[in-house]
Amino acid sequence: MPRRAALEALERFRRDSAWSRQVMSTLIRKYNLDGRDGALAARLFYGTLQNLILLDYYLDIYARGRLEPKVRDILRLGAYQLLFMDKVPPSAAVNEAVSQCKKYAPRAAGLVNAVLRRMAADRDRSCLPPLPTQGGPEYLTVKYSHPRWMVEELMEMRGYDGAEAVLRANNEPPPIYVQTNTLKTTTEELAAQLRAEPFGNIPGCLRMPRQGRLEESEPFAQGLYYVQDPAAHSVVLAAGLQPGMTVLDACAAPGGKSFAAAIAMEDGGHVLARDINSKKLALVRSGAERLGLSSIQCQPGDARDASGAFDVVLADLPCSGLGVIRKKPDIRYRLQEELDAIPDLQIELLDALAETVRPGGRLVYSTCTWRAGENQAVAWQFLSAHREFVKSYERVFWPDMDETDGFYICRMERISLI
Numbered sequence: 014m015p016r017r018a019a020l021e022a023l024e025r026f027r028r029d030s031a032w033s034r035q036v037m038s039t040l041i042r043k044y045n046l047d048g049r050d051g052a053l054a055a056r057l058f059y060g061t062l063q064n065l066i067l068l069d070y071y072l073d074i075y076a077r078g079r080l081e082p083k084v085r086d087i088l089r090l091g092a093y094q095l096l097f098m099d100k101v102p103p104s105a106a107v108n109e110a111v112s113q114c115k116k117y118a119p120r121a122a123g124l125v126n127a128v129l130r131r132m133a134a135d136r137d138r139s140c141l142p143p144l145p146t147q148g149g150p151e152y153l154t155v156k157y158s159h160p161r162w163m164v165e166e167l168m169e170m171r172g173y174d175g176a177e178a179v180l181r182a183n184n185e186p187p188p189i190y191v192q193t194n195t196l197k198t199t200t201e202e203l204a205a206q207l208r209a210e211p212f213g214n215i216p217g218c219l220r221m222p223r224q225g226r227l228e229e230s231e232p233f234a235q236g237l238y239y240v241q242d243p244a245a246h247s248v249v250l251a252a253g254l255q256p257g258m259t260v261l262d263a264c265a266a267p268g269g270k271s272f273a274a275a276i277a278m279e280d281g282g283h284v285l286a287r288d289i290n291s292k293k294l295a296l297v298r299s300g301a302e303r304l305g306l307s308s309i310q311c312q313p314g315d316a317r318d319a320s321g322a323f324d325v326v327l328a329d330l331p332c333s334g335l336g337v338i339r340k341k342p343d344i345r346y347r348l349q350e351e352l353d354a355i356p357d358l359q360i361e362l363l364d365a366l367a368e369t370v371r372p373g374g375r376l377v378y379s380t381c382t383w384r385a386g387e388n389q390a391v392a393w394q395f396l397s398a399h400r401e402f403v404k405s406y407e408r409v410f411w412p413d414m415d416e417t418d419g420f421y422i423c424r425m426e427r428i429s430l431i
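What follows is the structure in structure tokens.
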């Protein structure tokens, strides 16, 4: 049943361009998979997505012909198990793929059997087909399953070795980080309770061991921590909050920055958490209640319609999301032309939010991507049009160098022009 769910998830992703997390959650419920089977289905699906270009590269060589979409999905799942899941016996991976093919595409069962058995034999002899020549973008594209345009952008920013380091990090399991609710406990006490380790120089940040579901733990229920990547947490650190300040979190869901802001102000300021998605905003409200934070007010609405005068405006705006590929592997397959339209929206949102920053206040712009066109270029365009703002801090976080999500932060101060 887990392999059936994974196959259906691949089909929905391919056919409908559906988001992977939503697809997987739906199918786990549909097939009533328990924890173990659900985890297997998720690993098969996400792992196949993560290595899709590499798997197709091998399959095109072994199959030597055009494959109908359903057969290709079956072969992708089988090939992923053969190449990346050592604990799955090759015979089990091959036999399951053949059984699926007999059900969904009977005429191709022999082909599926032959392709996967040959791949398994070549894997055992360490003689899989060679990858493209090392040293160029095509090699990185195939080996790490990222589209060529994305590889080329990374090479322009980080060079060949730096680009490879980012791509490699994108295919590794992401660390899990939590932030301490210092209004209820200390970082030292929480670290001992969770058996976690402090991370870097981020106050209150702990790196968790990979075990269990955090949301089911007693310390979580008690509101002693919330889950948030150090890079995202650094947005609030960069804001330099003090008790008594007024803060607008313009795109607040799922709430991490609102929580961090309230805790930084010792729950003694005012945080207006706005989000256009009222359902996601409910997560912010329930999270604030769990953490015991009374200074957060939730308000549905478009960031472009925000009003008021705030000491700090947190503008974590819609972006390509390329900095969180290791958590959402399907993001890498978004079309470049679709992403190229994002900066216009970001500028529109920043222009509107600038009106809500009081003189002497701060606008903190952030994204969860490393693309310069959505980061430095947007900040430069905004500052060129708004002479009342000056840049006072800027940083890019990289998954390979910082062990965080890929992230961008730019703090801008509103000054008096008189």
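Heads up: the sequence shown begins at 14 in the numbering used here, then just goes up one per residue. Every residue gets a Cβ at the ideal spot worked out from N, C-alpha and C, and that includes glycine. These numbers come from a predicted model, not from an experiment.
Tell me the rounded alpha-carbon separation between proline 267 and arginine 375. 22 Å
Indicate the three-state DSSP secondary structure (helix, strand or coil) for methionine 98 in the structure shown. coil
DSSP beta-bridge partners of methionine 221: Ile189
C-beta contact flag for arginine 131 and tyrosine 75 at 7 Å: yes
Which one of Met98, Glu202 and Met258 has the shortest CA to CA distance from glycine 60? Met98
Here's a check: name, in chain order, each residue in its chain whose Cβ is nearer than 6 Å to the Cβ of arginine 434, leaving out the five neighbours to either side. Lying outside 14 to 431, the shown extent of the chain, residue 434 is not represented and no answer is given.
Cβ-based burial, glycine 149 [other Cβ within 10 Å; buried from 16]: exposed
Spatial distance of glycine 123 from methionine 14 (CA atoms): 22 Å
Looking at the secondary structure, which residues open and close the beta strand (DSSP E) in which proline 372 lies? 370–380
Terminal residues of the beta strand (DSSP E) in which phenylalanine 402 lies: 402–410
When DSSP builds the beta bridges, which residues end up paired with isoleucine 329? At residue 329 the sequence reads aspartate, which differs from the isoleucine that was named. Answer is Ser379.
Integer-rounded CB distance, given that valine 325 should sit under 8 Å from alanine 252: 5 Å
Expected contact under 8 Å - CB spacing of valine 260 and phenylalanine 323 to nearest Å: 6 Å
Strictly by DSSP, which residues pair up with cysteine 311? Ala286
Measuring CB atoms only, is the stretch 355–363 touching the stretch 76–90, in the sense that at least three cross pairs come out at less than 8 Å? no
Going by the CB atoms, is the gap between leucine 20 and serine 158 shorter than 7 Å? no
Quick one: using the 10 Å Cβ neighbour count with 16 as the cut-off for buried, is serine 33 buried or exposed? buried
Name the one or two DSSP bridge partners that glutamate 351 has. None; glutamate 351 has no bridge partner.
Looking at the secondary structure, which residues open and close the beta strand (DSSP E) in which aspartate 262 lies? 259–262
May I have the straight-line CA-CA distance separating glutamine 241 from serine 405, to the nearest angstrom? 24 Å
To the nearest whole angstrom, what separates the beta carbons of arginine 10 and glutamate 166, a pair I think is in contact under 8 Å? Residue 10 is absent from the model: the chain starts at 14 and stops at 431.
Helix, strand or coil at tyrosine 238 [DSSP, three-state]: strand
Reference proline 256, options Ala245, Asp280, Ala265 and His246, closest by Cα: Asp280
If we count the other Cβ atoms within 10 Å of its Cβ and call it buried at 16 or more, is arginine 287 buried or exposed? buried
What's the gap between the Cα of valine 101 and the Cα of leucine 67? 19 Å
Please report the Cβ distance between glycine 336 and phenylalanine 395, rounded to the nearest whole angstrom; I am assuming they are in contact, meaning their Cβ atoms lie under 8 Å. Not quite, the Cβ-Cβ distance comes to about 20 Å (not below 8 Å), so this is no contact.
Looking at the structure shown, is aspartate 324 part of a helix, part of a strand, or coil, going by DSSP? strand
Cβ-based neighbour list, valine 107, same chain, cut-off 7 Å, excluding 5 preceding and 5 following: Gly91, Asn126, Leu129, Arg130 and Ala133
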